[in-house]
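Scroll down for the structure; my scribbles are underneath it.
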Amino acid sequence: MHPLQCVLQVQRSLGWGPLASVSWLSLRMCRAHSSLSSTTCPSPERQEDGAQKDFSSRLAAGPTFQHFLKSASAPQEKLSSEVEDPPPYLTMDELLGRQRKVYLETYGCQMNVNDTEIAWSILQKSGYLRTSNLQEADVILLVTCSIREKAEQTIWNRLHQLKALKTRRPRSRVPLRIGILGCMAERLKEEILNREKMVDVLAGPDAYRDLPRLLAVAESGQQAANVLLSLDETYADVMPVQTNPSATSAFVSIMRGCDNMCSYCIVPFTRGRERSRPVASILEEVKKLSEQGLKEVTLLGQNVNSFRDNSEVQFNNAVSTNLSRGFTTNYKAKQGGLRFAHLLDQVSRVDPEMRIRFTSPHPKDFPDEVLQLIHERDNICKQIHLPAQSGSSRVLEAMRRGYSREAYVELVHHIRESIPGVSLSSDFIAGFCGETEEDHVQTVSLLREVQYNMGFLFAYSMRQKTRAYHRLKDDVPEEVKLRRLEELITVFREEATKANQISVGCTQLVLVEGLSKRSATDLCGRNDGNLKVIFPDAEMEDVNNPGLRVRAQPGDYVLVKITSASSQTLRGHVLCRTTLKDSSENC
Ligand code: 5AD
Ligand code: SF4
């Protein structure tokens, strides 16, 4: 076999394409054959299998280096919705799922939840079925997270459980295939295949379009991997499948990747460079969701407010980017393109009854036009996540966040002046490299000063490849990290309780989600600030139909008088059913 027949992994955003867009070449030693192989490698159990011999002979007759050169010289534009040609070593039939049942399990952030639906959308089109029953699955895919050591450990533990499921599988059934998708596949690459021989498929966050091919290769008993990162993959044309028919809200991915390179963070290495989805395709998805009756959309991305759609030539000008005052970037200034304020404006015009949120933003990208729009537009929630990470300027510098404590606090004041009543949340890391007791005290004082409504607090976890791993020392002992984390959690809770108690006595607009998990007689919904509000399920008046008594349903807007507050929840009683446009919150 010519080694180049299978070492070339060619990817462009729409699949197999010209060599000009080769973004990654992979060479891997296949232990079983002691020769150069691609990212596919036979597992010992199936080497004698007839199907595999057949597969191997077709693989040998597969594409040569000349094949790739030829396709490079004759580039053809393909519509994204067109079915791709199968690679020459697989038949169209082998690329189809043939009703195999897929069980998908998601770990980590909201981005992974969205990616799960993208992966599923691609597999569904290829003829796979989905199951929520692990026992009846033919394919188990874990959508994984690498952000902290603990997240990865959970997945290793899960893999050990699945190993037992795979070995116990009766011979009368098709062999169970297991795939690792997302950040952990990208971070560890073939280390996973070597460590866990029972893993059949690896697909990085930009390789989900390749899943049907990878699973087809796995069918023949080979391990298959694609961990290519792309410069332009946004899955713009892959509409995630709305799996919960009673859902009132949905997430819409608007950009992927991160260019910030904060020194502690693995994300730029697992999810690649920042790229934004074209505005038109985002609007199309939001319109569809509105037609389906959804009442809330959260725009999603690693740096959602760094959005920059460069797909339309006329907007690719030299207009420089306005950053928040006192903030800098770790990368060369970018210019032109359609920015976040434009997108937010367009998205919020789709349906005035649809609430718009966004996560997760970076504090550097809050120019005045974004703040002004949030203030003016009724259906853009007055809620901003403003990840601070630390309250010490010295630590912020070591983290390469691009701002000082002072600039951050000034931004908080500016946001509060621009958007009265805004709800703020943040992320903090306890025990970063070199963090002293004095630095920690400064973080505590920032929590007190800002008084966030919500917070996400983590102990620092050193990640290989990051700048901190190469340049700094993970020198805060584990027990000190945990003690500092506990202190931050306690202070955060005290302050959030105070911040949330301001709502007591106010009337707030709540989007009803359904029954409360704790009580069958209570309903649960979210206020504009995204805080959970619990209230008794009672009859009320509908302001648009005077005299009509109704009970709240998921997707209804109701006015709730707040009677008590804790650090995470508000409680109250319902006054009436209303609409977003007609609602009149007080305070
Ligand atoms: N250790 C601990 N927390 C981290 N985060 C990112 N990387 C690490 C790490 N290595 C946190 C940051 C980020 C959130 C998503 O996860 O607070 O904002
Ligand atoms: Fe990680 Fe920083 Fe990018 Fe957030 S902005 S994903 S913390 S590198």
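If you use full-length UniProt numbering, the sequence shown corresponds to residues 1 to 587, in order.
Just so you know, even glycine gets a beta-carbon here, dropped at the ideal spot from N, CA and C.
Please list the terminal residues of the continuous alpha helix (DSSP H) segment that includes R526.
Counting from 1 along the sequence shown, the entry for residue 526 is found at position 526. Where R526 is concerned, there is no enclosing alpha helix (DSSP H), although the beta strand (DSSP E) it sits in stretches over 522–526.
Of the residues L289, S306, A430, which one's Cα is nearest the Cα of M354?
The count along the sequence shown starts at 1 and reaches residue 354 at position 354. Nearest option by C-alpha distance: L289.
Is it the case that the Cβ atoms of G182 and P205 are separated by a distance below 7 Å?
Translated into positions along the sequence shown, residue 182 becomes position 182. Translated into positions along the sequence shown, residue 205 becomes position 205. Yes. Within cutoff.
Please report the residue range of the beta strand (DSSP E) in which D427 lies.
Numbered from its first residue, the sequence shown carries residue 427 at position 427. 423–430 is the span of the beta strand (DSSP E), which, as asked, contains D427.
Top-ranked residue by Cα proximity to E291, from P352, N316, R308, E437
Here residue 291 is taken as the residue at index 291 of the sequence shown, counted from 1. For E291, the nearest C-alpha among the options comes from P352.
Do A552 and V558 have their C-beta atoms within less than 7 Å of each other?
As a position in the sequence shown, residue 552 is number 552, starting the count at 1. As a position in the sequence shown, residue 558 is number 558, starting the count at 1. Contact: yes.
CA-to-CA distance, S360 to T298, given in whole angstroms
Start at 1 with the first residue of the sequence shown, and residue 298 comes out as number 298. Start at 1 with the first residue of the sequence shown, and residue 360 comes out as number 360. Whole-angstrom Cα-Cα distance: 10 Å.
With distance defined between alpha-carbon atoms, name the residue in I192, K101, A119 nearest to R173.
Position 173 of the sequence shown holds residue 173. Checked all of I192, K101, A119; the closest Cα to R173 is K101.
When you compare the CB positions of residue 601 and S263, do they come within less than 7 Å of one another, or not?
A query on residue 601 cannot be resolved here, the shown segment of the chain reaching from 1 to 587 and no further.
Does the beta-carbon of V350, which I'm using as the reference point, lie nearer than 6 Å to any heavy atom of the ligand SAH?
Absence of the ligand SAH is noted for the structure shown, with the ligand 5AD and the ligand SF4 being the only ligands found.
Classify R463 as buried or exposed, calling it buried when 16 or more other Cβ atoms lie within 10 Å of its own Cβ.
What you label residue 463 is simply residue 463 of the sequence shown in a count that begins at 1. The residue in question, R463, is buried, as its Cβ has 16 or more Cβ neighbours within 10 Å.
Using the Cβ count rule (16 or more neighbours within 10 Å means buried), how would you classify W156?
Mapped onto the sequence shown, residue 156 falls at position 156. Under this definition W156 is an exposed residue.
If you measure from the CB of C265, is any heavy atom of the ligand 5AD nearer than 6 Å?
Here the question's residue 265 lines up with position 265 in the sequence shown. Checking every heavy atom of the ligand 5AD against the Cβ of C265, one is found closer than 6 Å.
Own chain partners of G17 with C-beta closer than 6 Å, once the 5 adjacent residues on each side are dropped:
Within the sequence shown, residue 17 is the residue found at index 17, counting from 1. Here G17 scores only 25 on pLDDT, less than 50, and its place in the model should not be relied on; the value that follows carries that caveat. Answer for G17: no residue qualifies.
Hey, would you say V560 sits closer than 7 Å to V574, going by beta carbons?
What you label residue 560 is simply residue 560 of the sequence shown in a count that begins at 1. What you label residue 574 is simply residue 574 of the sequence shown in a count that begins at 1. Taking 7 Å as the Cβ cut-off, V560 and V574 qualify as a contacting pair.
Between R169 and the rest of its own chain, which residues show a CB-CB distance below 7 Å, the 5 nearest in sequence each way excluded?
As a working mapping, residue 169 is identified with position 169 in the sequence shown. Contacts found: P175, L176.
In the DSSP output, which residue or residues are listed as bridge partners for E191?
Working through the sequence shown from its first residue, we reach residue 191 at position 191. Answer is none; E191 lacks a bridge partner.
Is it a yes or a no for the stretch 236–247 touching the stretch 114–121, going by three-plus beta-carbon pairs under 8 Å?
yes
Return helix, strand or coil for K382, following the three-state DSSP convention.
Locating residue 382 in the sequence shown gives position 382, counting from the first residue. Coil.
Quick one: is Q383 buried, meaning 16 or more other Cβ sit within 10 Å of its Cβ, or exposed?
To locate residue 383, count along the sequence shown from 1; it is residue 383. Answer is buried; the Cβ neighbour count reaches 16.
For N114, which three-state DSSP category applies?
For the purposes of this step, residue 114 is taken as the residue at position 114 of the sequence shown. Here N114 sits in helix by DSSP.
Enumerate in chain order the residues of its own chain whose CB-to-CB distance from S567 is below 6 Å, with the five nearest sequence positions on each side excluded.
Locating residue 567 in the sequence shown gives position 567, where the first residue counts as 1. The residues are R493, A496, T497.
Please go through the same chain and pick out, in chain order, the residues whose beta-carbon is closer than 8 Å to the beta-carbon of C576, but skip the five residues on each side of it.
Translated into positions along the sequence shown, residue 576 becomes position 576. If we look at C576 and ignore the five residues flanking it on each side, its Cβ neighbours are M540, E541, D542, V543, V558, L559.
Given 8 Å as the limit, is there contact between the stretch 252–259 and the stretch 312–325, that is, 3 or more CB pairs closer than that?
no
Grab me the residues of P278's own chain with a C-beta within less than 7 Å of its C-beta, minus the 5 sequence neighbours each way, in chain order.
As a position in the sequence shown, residue 278 is number 278, starting the count at 1. Excluding sequence neighbours, P278 sits near A236, D309, S311.
The ligand SF4 and H470: does any heavy atom of the ligand fall closer than 6 Å to the residue's C-beta?
As a working note, residue 470 is residue 470 in the sequence shown. No, since every heavy atom of the ligand SF4 falls outside the 6 Å radius drawn around the Cβ of H470.
The ligand 5AD heavy atoms versus the CB of residue 602: any closer than 6 Å?
In the structure as shown, the chain starts at 1 and stops at 587, and residue 602 therefore has no counterpart that could be examined.
Assign L25 to one of two classes, buried (16 or more other C-beta atoms within 10 Å of its C-beta) or exposed (fewer than that).
Counting from 1 along the sequence shown, the entry for residue 25 is found at position 25. For L25, the predicted model reports a pLDDT of 25, less than 50, meaning its position is unreliable; a value from the coordinates is still stated below. So L25 ends up on the exposed side.
Let me make sure I understand the geometry here. Which of T321, E274, P87 has the alpha-carbon closest to that of Q302?
As a first step, residue 302 is located in the sequence shown; it is residue number 302 there, counting from the start. For Q302, the nearest C-alpha among the options comes from E274.
By DSSP, does S320 sit in helix, in strand, or in coil?
One-based indexing of the sequence shown puts residue 320 at position 320. Strand.
On the DSSP bridge list, what partners appear for N260?
Position 260 of the sequence shown, counted from the first residue, corresponds to residue 260. N260 pairs with nothing; no bridge assigned.
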